[in-house]
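Report on one structure; see the data block that follows.
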Amino acid sequence: MKTYKTTIALFIVVIAFIQSVAFAQNANYKHQMMNIDKNGTIKKGGVKVGQITKENVVNDAKGNKIAYIDGQGNLVDANGKVMGRMGKDGKSYHNINGDLTFSVKEEGNTCNIFDASGKKIGNIHSSYKGMACVLYCFQNGMDMKEHTKMDGEGKYACPMHPEVTGKEGDNCPKCHMKLHKVSKK
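Using mature numbering (1 follows the signal peptide of the UniProt record, and there is no 0), the letters of the sequence shown correspond one by one to residues -24 to -1, 1 to 161.
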């Protein structure tokens, strides 16, 4: 009888352990995605990485202005450079060249975000659907100010005016110096 009770107790412990591991893996999967909640807080892995204000201004975790949505629906960086806009359907985002970057699909009071290949990359509250670009940039390690990968690979900048960037062979419009390759950050 004692062996029977021990076996049942051991079985319950094993089942509880398996359930906790299974639920932990689900929770970790969810936390790897980015999300924007109804208050405009941008989180990745449960950590706040940014905030969207009621005035449609996007700030990083330190409160520095990164971008905003202008009156025409364009996403504009802090320096005034247009980075892209939401499509007329309100469900797709196109970069400055008109290429589809991602799309959003409503699901209740939230929207799932899918990259151009159809992979789900995040979830946002439906009231922030127009700010999905922010989530896309954070998810893909892109610099919101430059709308390029943050590793600096393939990026060229002026040594005198680092805010001026371009491609190989370009010259700075301010001082006419040749742009130099930016080293990795």
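Beta carbons are placed, not taken as given, at the ideal position from N, Cα and C, and that holds for glycine. Computed from a prediction, not measured in an experiment: that's the story for all the values here.
Requested in this report: Use the C-beta contact count for V23: other C-beta atoms within 10 angstroms, 16 or more gives buried, fewer gives exposed.
Outcome: Label assigned to V23: exposed.
Report task. Taking I97 and F90 to be in contact with their CB atoms under 8 Å, please state how far apart those CB atoms are, rounded to whole angstroms. Result -> Indeed they touch by this definition, with Cβ atoms about 7 Å apart.
Query raised in the report: What did DSSP end up calling N73 once you bin it into helix, strand or coil?
Result: Correct three-state label for N73: coil.
Query raised in the report: With distances taken between CB atoms, is the gap from K19 to I28 smaller than 9 Å?
Result: No, the pair does not count as a contact, with Cβ atoms beyond the cut-off.
Requested in this report: Following the continuous beta strand (DSSP E) through A43, name the residue where it begins and the one where it ends.
Outcome: Per DSSP, A43 belongs to the beta strand (DSSP E) from K41 to I45.
Query raised in the report: Can you name the start and end residues of the beta strand (DSSP E) that V23 belongs to?
Result: Run containing V23: V23 to I28, per the beta strand (DSSP E) assignment.
Requested in this report: Would you mind giving the Cβ-Cβ distance between Y132 and H156, rounded to the nearest angstrom? I have them listed as a contact below 8 Å.
Outcome: Contact check for Y132 and H156: beta-carbon distance about 6 Å, within the 8 Å limit, so the pair qualifies.
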